[in-house]
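> For reference, the structure I am asking about is given below.
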Amino acid sequence: MLSATPAHAALGSIFSCTVNGKTFTADRVPSECANADVREMNRDGSVRRVIARPLTLDEQRARAMEAKRRLEEEEKQLTQRRRDKSLLEAYATDEEIEAVRGKALESSNVLIARASQRLANLQGERKKLDNESEFYKKRVVPEEIKRGYVSLTQQAAAEEKIIQDAQFEIQRINERFDAEKKRFRELLAQGARPVQRNPETDILLDPRFRGK
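Right, dumping it as structure tokens:
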């Protein structure tokens, strides 16, 4: 990169660099300038160009990391702009966000309600087994009753797992819509405006949907 060609000499260039406070000058790049910035000058002393010194390995790594960081930041900003655009296309008001949230929560709420009802039924069955077991306080409990307890315990655990999973899903949905509402309000505060939509084709503008 730093070596001078015969063409440079033919053009009358002078090459100069400063290393450790000492200046080296020649009609081609001095060997002492291998790791320093080199000034290519005209014969009148004016600088034609500066040839940057080679980067060290650490500098190359730092430059590569900085380039990667900038690329990731640009991608992050692009992703955010796309999300912002989608928000403004999807919603016009906070009420519409809440309407969609409600629809998204419906299936999880149904799962919890059904599993809770099944748990209540299982508790009723367990109560029956408890009553039957009273007759065997001083005797060996029949295997049928033992198996009944095992079955009820397993079924109850399965229903509790359904409820737990549904609760996690509800939390995830709420976090998502909380974030969307927060960003939507920020965009409006910054002067952004929702995209105009067609009341005849957009379900969010249907009063029947809003009421659900």
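Residue numbers (my numbering): 12 to 223. In this text, a Cβ means the ideal position worked out from N, Cα and C, and glycines have one as well. These figures come from a predicted structure and were not determined experimentally.
Please work out which residues of its chain come closer than 8 Å, Cβ to Cβ, to residue 58, disregarding the five sequence neighbours upstream and downstream, and give them in chain order.
So the qualifying residues of the chain are 50, 51, 52.
> Among 130, 194, 200, 201, which residue has its Cα nearest to the Cα of residue 97?
Considering only alpha carbons, the answer is 194.
> Between which two residues does the beta strand (DSSP E) harbouring residue 27 extend?
Run containing residue 27: 25 to 30, per the beta strand (DSSP E) assignment.
> Taking the alpha-carbon of residue 169 as reference, which of 190, 123, 144, 80 has the nearest alpha-carbon?
Of the candidates 190, 123, 144, 80, the one whose C-alpha sits nearest the C-alpha of residue 169 is 123.
> Would you mind stating whether residue 64 and residue 47 have Cβ atoms separated by less than 7 Å?
Yes. Within cutoff.
> Do you know whose CA, among 29, 108, 69, 88, lies nearest residue 196's CA?
Considering only alpha carbons, the answer is 108.
> Using the rule of at least 16 other Cβ atoms within 10 Å of the residue's Cβ for burial, across every protein chain shown, is residue 153 buried or exposed?
Exposed, since its Cβ has fewer than 16 Cβ neighbours within 10 Å.
> Could you check whether the region 180 to 194 touches the region 118 to 135, counting it as contact only if at least three pairs of C-beta atoms, one from each stretch, sit closer than 8 Å?
Judged by Cβ distances under 8 Å, the region 180 to 194 makes contact with the region 118 to 135, as three or more pairs qualify.
> Using the beta-carbon count (16 or more within 10 Å), is residue 24 buried or exposed?
Classification of residue 24: buried, given that the 10 Å Cβ count is 16 or more.
> Roughly how many whole angstroms lie between the Cα atoms of residue 42 and residue 66?
Their backbone Cα atoms lie some 17 Å apart in a straight line.
> What residues in its chain sit with their C-beta under 8 Å from that of residue 163, if we drop five residues either side in the sequence?
133, 136, 137, 140, listed in sequence order.
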